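> Residue numbers for the sequence shown, in my numbering: 661 to 1265. Quick reminder that beta carbons are idealized off the backbone N, C-alpha and C, glycines included. The structure displayed is predicted, hence computed values, not measured ones.
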Amino acid sequence: MTLERIAGMERLSLVIGGHVDHGKSTIIGRLLADTGSLPEGKLLQVRHACERAGTPFEWAFLLDALKDEQSQGITIDSARVFFRTAKRHYIIIDAPGHIEFLRNMITGAARAEAALLVIDANEGVQENTRRHGYMMSLLGIRQLAVLINKMDLVGFDRDVFDRTVVEYRGFLAQLDVHPEAFIPVSGREGSNIATREEAMSWYTGPTVLEQLDRFVPETPPVEKPYRMPVQDVYRFPQLGDNRRIVAGTIEGGVLRVGDEVVFYPSGKRGHVRTLEGFNRPAAAQVASGEATGFTLEEQIYVQRGELATRATEAAPLVATRLKASIFWLGRRPLVPRKDYLLKLGSARATMRVEEIHRVVDASTLEGVAGRRQVERHEVAECTLTLDRAIAFDLPDRCVTTGRFVIVEDYEICGGGIAQAALTDHHSEVRQRVFLRNYKWEPSSISIEQRAERYRQQPALVLITGEKEIDRKALARRLERHLFEIGNVVYFLGIGNVLYGLDSDIERTAEDRPEHLRRLAEVANVMLNAGVILIVTAVELTSEDAELLRITIDSSLIETVWVGSPVTTDISYDLLLEDPEGEEAVQQIKHRLRERGVLFRPWQVG
Ligand code: GTP
Ligand code: MG
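This is the structure:
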């Protein structure tokens, strides 16, 4: 029963949480066995293996054994286990630790619609029981059943059950989470999993399987606006195929041939020419958790990290500043003035905490204001700033496109959900660029056709450095050299813009952003024409670079800092300590070759 085979039939995704050793794996094993979802003879095989080894049988072993056979793709794949009842198919996500739990809920194919929380009757409510409950509430999972497990260890005692229920119900109520059921079970004995336990005749509620079938699948995502984070843009030039396939996994909604698609944050748009299924052709693409793609009528540059939407539906939010609720799991505290990586959908951005508004201990629910950092296992309301704009939705529109993870040193250290988009001082420029892209009239000559003709990719070579250094001389030498070897290249002197296009604005520090914006707009047009454009500027800062990146495709910009030292906070692609030397032009040329801007002599296109 692979995902492909169950596509199209009713299915429900569950996540299972709870404190260490409280019995998650045991309950999953039971569910598999009692629903007849195990491969023939598997259970016996594992029981016999345990007997031979002289170890007591554990249901967790059974899951491990199934994991080892992943290649058969039968009931288990990484953290996901599949089983079915008479009513529908289930995907259950088992997460051994906090980080895995968070990762599975936010990334991965996991879109849990309901949750099971397991509590050991003997040990009662523990830290993780509370934290998992909090995470579920934070991530917007509203359907929950609490299983009080190992009832056999407490003699199936009703009082123990009642006490645990009262305690945990009270905790969840503070989060405004109200479980559909509290079920006394024994995973080991199979009590109240699929069949009722006579020793607990005092319990008249549903069994676990009955409760599962009572959960309601989330609003089918097809009724939500279309959302597809762009994972990749594929091209197959070597096959003489000029199509660009925009690929990703659909998070919601439906897409059909002919639909107008708008990409955020760029605002670029086009009409769907074909839908690419990778597995099968389809009349319409619907949210499915599988990789899909489409081609467009128009030739436009789309990048990984954008969010594809339909023009006729609600637009997502776009911002570099946002308010968010964050769940922190890092060993080191989350602190302001430090760079982290934020991953939301396919978008990546460098993130900083601008302000911590409120911090809550996820286990005790105690809240404090005025804190300088967020400790492990705390939840915080923060304002975040990003180094680039990302597109997202708020939970009431689409939960999955508002969830993100935070990475520190290559490890997921936290997760969260966007609560509001805030403005920043570039919001206005971004708005203009969005409109420009939206209104852009695409050329009938494709980017590839131009590249093939000119034997180059367009690029903006930004030469910057201290005032005393002669940047223009280098720019001229570079222009001359590239021209002589056959490139389409242009050095745009600032004066050409200042006294023409910019003649209506002053030349004070305050006007600098507007000068830069206009320069970037001119550059954008020339890049679209396929040109290698060289521009010089005094001491560009990262702030300036950001403005340029908003206006121009950042992948087309090559920044060269000339002279040392580097006197601003800009990050550059190439440092030329001796711009007057013979080698300077060759070094830039080498860099452009490496980046595929200049084709090598034997390259065709
Ligand atoms: P982690 O994945 O390590 O967090 O543990 P888990 O929550 O998956 O627990 P697991 O199912 O591995 O069970 C932990 C221990 O509790 C095992 O030794 C089980 O045999 C035991 N156990 C689980 N359920 C029951 C039960 O209903 N009754 C009894 N007596 N023991 C149980
Ligand atoms: Mg386990």
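#1: For the alpha helix (DSSP H) holding proline 1173, just list the boundary residues, first then last.
#2: Taking the beta carbon of arginine 1260 as the centre, do at least 16 other beta carbons fall within 10 Å, making it buried, or is it exposed?
#3: For glycine 1190, which option in Leu1258, Glu1242, Gly1030, Thr715 has the closest C-alpha, if you only look at C-alpha atoms?
#4: Can you give the Cα-Cα distance for threonine 1061 and glutamine 1116, rounded to whole angstroms?
#5: Between leucine 1054 and alanine 975, what straight-line distance do the alpha-carbon atoms span, to the nearest angstrom?
#6: Output yes or no for whether 9 Å exceeds the beta carbon distance between isoleucine 905 and phenylalanine 954.
#7: For the beta strand (DSSP E) containing asparagine 809, name the first residue and the last one.
#8: Helix or strand or just coil, what does DSSP make of tryptophan 719?
#9: Using a 10 Å radius around the Cβ and a threshold of 16 neighbouring Cβ atoms, would you call tryptophan 988 buried or exposed?
#10: Could you compute how far the alpha carbon of arginine 1110 sits from the alpha carbon of serine 1103?
#11: What number of angstroms, rounded off, separates the C-alpha of threonine 969 from the C-alpha of isoleucine 688?
#12: With DSSP as the reference, label glutamate 1206 as helix, strand or coil.
#13: Can the beta-carbon of glutamine 650 be found closer than 9 Å to that of glycine 912?
#14: Per the DSSP calculation, threonine 952 is bridged to which residue(s)?
#15: Given a threshold of 16 other Cβ atoms within 10 Å of its Cβ, counted over all protein chains shown, does serine 731 qualify as buried or as exposed?
#16: Along the chain, where does the beta strand (DSSP E) that runs through isoleucine 1050 open and close?
#17: Which stretch, first to last residue, makes up the alpha helix (DSSP H) that contains alanine 833?
#18: Assess, as a yes-or-no matter, whether the segment 788–801 is touched by the segment 812–826 under the definition of 3 or more beta carbon pairs within less than 8 Å.
#19: Quick one: Cα of phenylalanine 896 to Cα of arginine 903, how far?
#20: Using the beta-carbon count (16 or more within 10 Å), is tyrosine 1159 buried or exposed?
#21: Check whether the Cβ atoms of threonine 1196 and leucine 1234 sit closer than 9 Å, and answer yes or no.
#22: Could you have a look at arginine 790 and say whether DSSP puts it in helix, strand or coil?
#23: Run through DSSP, which three-state label would glycine 733 get?
#24: Do you know whose CA, among Val1089, Val1019, Gly990, lies nearest proline 762's CA?
#25: Provide the residue(s) that pair with methionine 888 in DSSP beta bridges, ordered along the chain.
#26: Rounded to whole angstroms, what is the Cα-Cα separation between histidine 937 and threonine 952?
#27: Looking only at C-alpha atoms, which of Glu920, Glu760, Lys684, Arg933 sits nearest to isoleucine 808?
#28: Looking only at its chain, what residues have a beta carbon closer than 6 Å to the beta carbon of phenylalanine 842, apart from the 5 residues adjacent to it on each side?
#29: Could you check the C-alpha separation between alanine 979 and leucine 956 for me, to the nearest Å?
#30: Would you kindly work out how many angstroms separate the C-alpha atoms of tyrosine 1070 and lysine 1003, rounded to a whole number?
#31: Does the distance between the C-beta of alanine 968 and the nearest non-hydrogen atom of the ligand MG fall short of 8 Å?
#32: Tell me the DSSP secondary structure of threonine 686 in three-state form.
#33: Classify threonine 1227 as helix, strand or coil using the three-state DSSP reduction.
#34: Looking only at its chain, what residues have a beta carbon closer than 6 Å to the beta carbon of glutamate 827, apart from the 5 residues adjacent to it on each side?
#35: Can you tell me whether lysine 884 is buried or exposed, with buried defined as 16 or more other CB within 10 angstroms of its CB?
#36: Please classify isoleucine 779: does DSSP put it in a helix, a strand, or coil?
Concretely, from the data shown:
#1: As a working mapping, residue 1173 is identified with position 513 in the sequence shown. Segment 1172–1188, the alpha helix (DSSP H) holding proline 1173.
#2: As a first step, residue 1260 must be located in the sequence shown, where it is residue number 600. Classification for arginine 1260: exposed.
#3: Counting from 1 along the sequence shown, the entry for residue 1190 is found at position 530. Checked all of Leu1258, Glu1242, Gly1030, Thr715; the closest Cα to glycine 1190 is Leu1258.
#4: Locating residue 1061 in the sequence shown gives position 401, where the first residue counts as 1. Locating residue 1116 in the sequence shown gives position 456, where the first residue counts as 1. Taking the straight line joining both Cα atoms gives about 37 Å.
#5: Against the sequence shown, residue 1054 aligns to sequence position 394. Against the sequence shown, residue 975 aligns to sequence position 315. Roughly 11 Å separates the two Cα atoms.
#6: By 1-based counting over the sequence shown, the position of residue 905 is 245. By 1-based counting over the sequence shown, the position of residue 954 is 294. Result yes, Cβ atoms of isoleucine 905 and phenylalanine 954 sit closer than 9 Å.
#7: As a first step, residue 809 is located in the sequence shown; it is residue number 149 there, counting from the start. Segment 803–809, the beta strand (DSSP E) holding asparagine 809.
#8: The residue labelled residue 719 in the question sits at position 59 within the sequence shown. If DSSP states are grouped into helix, strand and coil, tryptophan 719 belongs with the helices.
#9: As a working note, residue 988 is residue 328 in the sequence shown. The residue is buried, with at least 16 neighbouring Cβ atoms inside 10 Å.
#10: As a position in the sequence shown, residue 1110 is number 450, starting the count at 1. As a position in the sequence shown, residue 1103 is number 443, starting the count at 1. For arginine 1110 and serine 1103, the distance between alpha carbons rounds to 11 Å.
#11: Taking the first residue of the sequence shown as 1, we reach residue 969 at position 309. Taking the first residue of the sequence shown as 1, we reach residue 688 at position 28. Answer to the nearest angstrom: the Cα atoms are 37 Å apart.
#12: Walking along the sequence shown from the start, residue 1206 turns up at place 546. Glutamate 1206 falls in the helix class under three-state DSSP.
#13: The displayed coordinates of the chain run from 661 to 1265. Any statement about residue 650 would go beyond what the structure contains.
#14: For the purposes of this step, residue 952 is identified with residue 292 of the sequence shown, where counting begins at 1. Note: threonine 952 sits in a beta bridge opposite Gly908.
#15: What you label residue 731 is simply residue 71 of the sequence shown in a count that begins at 1. Reliability of the predicted coordinates at serine 731 is poor, the pLDDT of 45 falling under 50, and the value obtained from them is presented with this limitation in mind. For serine 731, the number of other beta carbons within 10 angstroms of its own is below 16, and it is reported as exposed.
#16: Your numbering for residue 1050 matches position 390 in the sequence shown. Looking at the DSSP string, the run of the beta strand (DSSP E) that includes isoleucine 1050 is 1038–1052.
#17: As a first step, residue 833 must be located in the sequence shown, where it is residue number 173. Run containing alanine 833: 818–834, per the alpha helix (DSSP H) assignment.
#18: Flag = no, the segment 812–826 and the segment 788–801 do not touch.
#19: The residue given as residue 896 occupies position 236 in the sequence shown. The residue given as residue 903 occupies position 243 in the sequence shown. Going by the C-alpha atoms only, they are around 7 Å apart.
#20: As a working mapping, residue 1159 is identified with position 499 in the sequence shown. Burial check for tyrosine 1159: the Cβ neighbour count within 10 Å stays below 16, so the residue is exposed.
#21: Translated into the one-based positions of the sequence shown, residue 1196 becomes position 536. Translated into the one-based positions of the sequence shown, residue 1234 becomes position 574. Taking 9 Å as the Cβ cut-off, threonine 1196 and leucine 1234 do not qualify as a contacting pair.
#22: Working through the sequence shown from its first residue, we reach residue 790 at position 130. Note: arginine 790 maps to helix in three-state DSSP.
#23: One-based indexing of the sequence shown puts residue 733 at position 73. Because glycine 733 carries a pLDDT of 46, less than 50, the predicted location of this residue cannot be relied on, and the following value inherits that uncertainty. In the structure shown, the three-state DSSP call for glycine 733 is coil.
#24: Against the sequence shown, residue 762 aligns to sequence position 102. It is leucine, not proline, that sits at residue 762 in the sequence shown. For the residues Val1089, Val1019, Gly990, the minimum Cα distance to leucine 762 belongs to Gly990.
#25: Translated into the one-based positions of the sequence shown, residue 888 becomes position 228. The partner list for methionine 888 (beta bridge, DSSP) reads Ala968.
#26: Within the sequence shown, the letter at position 277 stands for residue 937. Within the sequence shown, the letter at position 292 stands for residue 952. Residue 937 is actually glycine in this sequence, not histidine. Using only the alpha carbons, I get a separation of about 5 Å.
#27: Locating residue 808 in the sequence shown gives position 148, where the first residue counts as 1. Nearest of Glu920, Glu760, Lys684, Arg933 to isoleucine 808, Cα basis: Lys684.
#28: Numbered from its first residue, the sequence shown carries residue 842 at position 182. Answer for phenylalanine 842: Val806, Val825, listed in chain order.
#29: Here residue 979 refers to the residue found at position 319 when the sequence shown is read from its first residue. Here residue 956 refers to the residue found at position 296 when the sequence shown is read from its first residue. Each residue's alpha carbon lies about 26 Å from the other.
#30: Position 410 of the sequence shown, counting from 1, holds the residue named residue 1070. Position 343 of the sequence shown, counting from 1, holds the residue named residue 1003. Roughly 12 Å separates the two Cα atoms.
#31: Numbered from 1 along the sequence shown, position 308 holds the residue referred to as residue 968. Checking the Cβ of alanine 968 against the ligand MG gives no.
#32: On the sequence shown, position 26 is the one that residue 686 refers to. Residue state, collapsed to three classes: helix.
#33: Walking along the sequence shown from the start, residue 1227 turns up at place 567. Looking at threonine 1227 - three-state DSSP - the assignment turns out to be coil, as it is neither helix nor strand.
#34: Along the sequence shown, read from residue 1 onward, the residue named residue 827 stands at position 167. Excluding residues within five positions, the ones whose Cβ falls inside 6 Å are Val785.
#35: In the sequence shown, the residue the question calls residue 884 occupies position 224. Buried, because 16 or more other Cβ atoms sit within 10 Å of the Cβ of lysine 884.
#36: As a working mapping, residue 779 is identified with position 119 in the sequence shown. Three-state result, isoleucine 779: strand.
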